[in-house]
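Residue numbers (UniProt numbering): 1 to 384.
Rendered as structure tokens:
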């Protein structure tokens with residue numbers, strides 16, 4: 001077997017803006033995907049069919065507030081602000097989650113409050129044959145500061161919406177960690193609005209699960225808004241890990257940075273990254289860059305990487321994008337081996353250095369240690 005990968009040259013293609021998408025909260029208005037649609041053609045649709053209808057009993061996961069429970073507000077019924085203030089379903093799974101979630105969780109950071117410790121929400125699956133829908137609203141009020149961590153474990157079939165609102169002057173970090181069991185199926189739509197002079201740092205960390213599809217969408221709506229979108233994935237044999245990333249520069253003088261990195265090992269390990277950046281007509285003074293890097297460690301793995309960029313104004317500071325997928329850097333390996341380091345150890349160091357760049361941006365020592373340990377465990381299973 002040979003290693004399959006896709007390395008796509010950056011290309012300018014049209015990006016559908018939120019205003020151009022159909023506004024509907026009804027699953028039937030989206031139709032059932034068949035895998036030929038542009039947003040589904042890289043996804044194993046047959047493995048997601050359980051998420052195309054509401055969960056019914058909706059008992060597939062449990063939620064535990066490990067820390068920061070005082071920031072959990074009253075549940076939000078459909079139509080209760082701020083639920084739906086920004087969120088609009090973009091596919092059938094998001095519409096199903098909207099309808100099936102019932103009351104949504106509301107994480108609310110009060111105005112002017114700086115929260116020192118992370119707010120940690122653990123989502124635990126109750127079994128691979130159990131279903132759950134969720135809508136979670138994370139709202140940082142004016143000039144507040146906080147970090148919210150969503151940690152996923154166990155197994156379930158889970159459709160999830162995460163609606164993020166960073167109001168004027170807020171500084172918010174949202175981290176979604178997927179460490180599901182191998183038979184879990186998780187499809188999520190994260191949609192965020194960043195208002196005037198606000199800052200959002202958003203992470204998607206996917207290590208576990210059979211099929212995990214977490215698609216973040218960030219709109220830099222206010223003047224001076226800043227968004228940093230980071231991702232890290234490690235796909236094993238038979239795993240499908242996917243992120244379709246959309247960054248919309250809407251307001252003037254906004255700053256965006258997108259960096260996703262992934263490693264793959266094992267037969268049929270598959271990762272998908274599709275990055276779309278739209279710099280709107282009013283987004284003058286924008287500075288934006290997106291990149292995806294993938295490291296293929298064994299035969300039989302595949303990485304699809306597709307960066308897109310559309311610019312609708314000529315008055316910007318800068319914009320660019322890049323994509324690269326490949327094997328170990330022979331020069332790095334030679335450098336390390338020339339200094340007495342074994343080939344196996346040299347490969348381990350190269351991978352750790354490649355992935356730890358994202359881990360170290362988290363800023364939470366406990367989670368950084370956990371992920372570095374997980375990477376070490378994954379590497380121990382790579383056959384030379």
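Don't be surprised by glycine CBs; every beta carbon is placed ideally from N, CA and C. These figures come from a predicted structure and were not determined experimentally.
(message) Quick check on residue 364: does DSSP put it in helix, strand or coil?
(response) Looking up residue 364 in the chain shown gives position 364. If DSSP states are grouped into helix, strand and coil, residue 364 belongs with coil.
(message) For residue 85 and residue 111, which I take to be in contact (beta-carbon distance under 8 Å), what is that distance rounded to the nearest angstrom?
(response) For the purposes of this step, residue 85 is identified with residue 85 of the chain shown, where counting begins at 1. For the purposes of this step, residue 111 is identified with residue 111 of the chain shown, where counting begins at 1. Actually they do not touch by this definition, with Cβ atoms about 16 Å apart.
(message) Quick check on the burial criterion: 16 or more other C-beta atoms within 10 angstroms. Buried or exposed for residue 197?
(response) On the chain shown, residue 197 is found 197 positions in, with the first residue counted as 1. Classification of residue 197: buried, given that the 10 Å Cβ count is 16 or more.
(message) For residue 303, tell me which candidate among 269, 312, 317 has the shortest Cα-Cα distance.
(response) On the chain shown, residue 303 is found 303 positions in, with the first residue counted as 1. The shortest Cα separation from residue 303 among 269, 312, 317 belongs to 269.
(request) Would you mind stating whether residue 147 and residue 364 have Cβ atoms separated by less than 8 Å? (result) Looking up residue 147 in the chain shown gives position 147. Looking up residue 364 in the chain shown gives position 364. Against a cut-off of 8 Å, the Cβ pair of residue 364 and residue 147 comes out as a contact.
(request) Would you list the residues sitting across from residue 215 in a DSSP beta bridge? (result) The residue labelled residue 215 in the question sits at position 215 within the chain shown. The partner list for residue 215 (beta bridge, DSSP) reads 189.
(request) Give every residue of the same chain whose Cβ lies closer than 6 Å to the Cβ of residue 241, excluding the five residues on either side of it in the sequence, and list them in chain order. (result) To locate residue 241, count along the chain shown from 1; it is residue 241. Taken in chain order, the residues that qualify are 206, 212, 233, 235, 271.
(message) Looking at the secondary structure, which residues open and close the alpha helix (DSSP H) in which residue 98 lies?
(response) Taking the chain shown and counting its residues from 1, the one referred to as residue 98 is at position 98. Looking at the DSSP string, the run of the alpha helix (DSSP H) that includes residue 98 is 92-100.
(request) To the nearest angstrom, report how far apart residue 4 and residue 307 are at their CA atoms. (result) Counted from its first residue, the chain shown places residue 4 at position 4. Counted from its first residue, the chain shown places residue 307 at position 307. Residue placement at residue 4 is poorly supported in this model, since its pLDDT is 45, which falls under 50; the coordinates are not used for a value here.
(request) To the nearest angstrom, report how far apart residue 228 and residue 381 are at their CA atoms. (result) Sequence index remark: in the chain shown, residue 228 carries index 228 (1-based). Sequence index remark: in the chain shown, residue 381 carries index 381 (1-based). Roughly 32 Å between the two C-alpha positions.
(request) Report the rounded CA-to-CA distance for residue 354 versus residue 311, giving the unit in angstroms. (result) In the chain shown, counting from the first residue as 1, residue 354 sits at position 354. In the chain shown, counting from the first residue as 1, residue 311 sits at position 311. Spanning the two alpha carbons is a distance of roughly 30 Å.
(request) With DSSP collapsed to three states, give me the class of residue 331. (result) Your numbering for residue 331 matches position 331 in the chain shown. Note: residue 331 maps to helix in three-state DSSP.
(request) Compute the beta-carbon to beta-carbon distance between residue 292 and residue 342, rounded to the nearest angstrom, for a pair I have assumed lies under 8 Å. (result) Within the chain shown, numbered from 1, the residue matching residue 292 stands at position 292. Within the chain shown, numbered from 1, the residue matching residue 342 stands at position 342. In fact, because the Cβ distance is near 30 Å, the residues do not count as touching under 8 Å.
(request) Alpha carbon to alpha carbon, how far is residue 88 from residue 74? Give it in angstroms, no decimals. (result) Indexing the chain shown from 1 puts residue 74 at position 74. Indexing the chain shown from 1 puts residue 88 at position 88. Rounded to the nearest angstrom, the two C-alpha atoms are 22 Å apart.
(request) State yes or no: is the C-beta of residue 92 within less than 8 Å of the C-beta of residue 44? (result) The sequence position of residue 92 within the chain shown is 92, counting from 1. The sequence position of residue 44 within the chain shown is 44, counting from 1. Result no, Cβ atoms of residue 92 and residue 44 do not sit closer than 8 Å.
(request) Closer than 6 Å by C-beta to residue 203: which residues in its own chain qualify, once you throw out the five before and the five after it? Chain order, please. (result) On the chain shown, residue 203 is found 203 positions in, with the first residue counted as 1. Cβ within range, chain order: 175, 230.
(request) Please classify residue 120: does DSSP put it in a helix, a strand, or coil? (result) Residue mapping note: residue 120 aligns to position 120 of the chain shown, counting from 1. Looking at residue 120 - three-state DSSP - the assignment turns out to be strand.
(message) By the three-class DSSP mapping on this structure, what secondary structure does residue 141 have?
(response) The count along the chain shown starts at 1 and reaches residue 141 at position 141. Three-state DSSP puts residue 141 in coil, outside helix and strand.
(request) Look at residue 81 and residue 103 and say whether their C-beta atoms are less than 8 Å apart. (result) Taking the first residue of the chain shown as position 1, residue 81 is located at position 81. Taking the first residue of the chain shown as position 1, residue 103 is located at position 103. Not closer than 8 Å, so no.
(message) Considering only their Cβ atoms, is the gap separating residue 257 from residue 289 smaller than 8 Å?
(response) If you number the chain shown from 1, residue 289 lands on position 289. If you number the chain shown from 1, residue 257 lands on position 257. Result yes, Cβ atoms of residue 289 and residue 257 sit closer than 8 Å.
(message) Whole angstroms are fine: how far does the CA of residue 173 sit from the CA of residue 369?
(response) Counting from 1 along the chain shown, the entry for residue 369 is found at position 369. Counting from 1 along the chain shown, the entry for residue 173 is found at position 173. Distance between the alpha carbons of residue 369 and residue 173 is about 18 Å.
(message) Can you look up residue 220 in the DSSP assignment and give me helix, strand or coil?
(response) For the purposes of this step, residue 220 is taken as the residue at position 220 of the chain shown. Correct three-state label for residue 220: strand.
(message) For residue 171, list the residues DSSP reports as bridge partners.
(response) In the chain shown, residue 171 corresponds to position 171, counting from 1. Note: residue 171 sits in a beta bridge opposite 145, 199.
(request) Using the Cα positions of residue 7 and residue 153, report the straight-line distance between them to the nearest angstrom. (result) Locating residue 7 in the chain shown gives position 7, counting from the first residue. Locating residue 153 in the chain shown gives position 153, counting from the first residue. Low confidence applies here, because residue 7 scores a pLDDT of 44, under 50, leaving its location unreliable; read the following figure in that light. Their backbone Cα atoms lie some 32 Å apart in a straight line.
(request) Could I get the ranges of all uninterrupted beta strand (DSSP E) runs contained in the region 238-304, with 3 residues as the minimum, in chain order? (result) 240-249, 255-264, 270-279, 286-296
(message) Looking at the secondary structure, which residues open and close the alpha helix (DSSP H) in which residue 346 lies?
(response) Walking along the chain shown from the start, residue 346 turns up at place 346. First-last of the alpha helix (DSSP H) with residue 346: 343-359.
(request) Put residue 27 into one of helix, strand or coil per three-state DSSP. (result) Locating residue 27 in the chain shown gives position 27, counting from the first residue. Residue state, collapsed to three classes: helix.
(request) Under 8 Å by Cβ, that's how I've got residue 167 and residue 140 pegged, so tell me the actual separation to the nearest angstrom. (result) For the purposes of this step, residue 167 is identified with residue 167 of the chain shown, where counting begins at 1. For the purposes of this step, residue 140 is identified with residue 140 of the chain shown, where counting begins at 1. Between residue 140 and residue 167 the Cβ distance is about 6 Å, and since that is below 8 Å, they are a contact.
(request) Report all residues from its chain with a CB closer than 8 Å to the CB of residue 378; omit the five preceding and five following residues, and keep chain order. (result) The residue you call residue 378 lines up with position 378 of the chain shown. Answer for residue 378: 207, 234, 236, 263, 265, listed in chain order.
(message) For residue 328, which residues in the same chain have their Cβ closer than 7 Å to its Cβ, ignoring the five residues on either side in sequence?
(response) Position 328 of the chain shown, counting from 1, holds the residue named residue 328. These residues qualify, in order along the chain: 347, 350.
(message) I need the straight-line Cα distance from residue 35 to residue 48, nearest angstrom please.
(response) The residue labelled residue 35 in the question sits at position 35 within the chain shown. The residue labelled residue 48 in the question sits at position 48 within the chain shown. Approximately 11 Å between the Cα atoms of the pair.
(message) Measuring alpha carbon to alpha carbon, tell me which residue in 282, 277, 243 is nearest residue 305.
(response) Looking up residue 305 in the chain shown gives position 305. Of 282, 277, 243, the residue nearest in Cα terms is 243.
(message) Within the continuous beta strand (DSSP E) that includes residue 232, where are the two ends?
(response) Here residue 232 is taken as the residue at index 232 of the chain shown, counted from 1. From DSSP, the beta strand (DSSP E) with residue 232 extends over 226-235.
(message) Could you pull the DSSP bridge partners for residue 61 from this structure?
(response) Position 61 of the chain shown, counted from the first residue, corresponds to residue 61. DSSP lists 125 as partners of residue 61.
(request) Might you give, ordered along the chain, the residues of its own chain that have their beta carbon closer than 6 Å to the beta carbon of residue 55, omitting 5 neighbours on each side? (result) For the purposes of this step, residue 55 is taken as the residue at position 55 of the chain shown. Same-chain partners within the cutoff: 100, 131, 132, 133.
(request) Between the Cα of residue 128 and those of 50, 31, 247, 66, spot the shortest distance and give me the residue it belongs to. (result) Stepping through the chain shown from its first residue, residue 128 is reached at position 128. When each option's Cα is compared against that of residue 128, the closest is 50.
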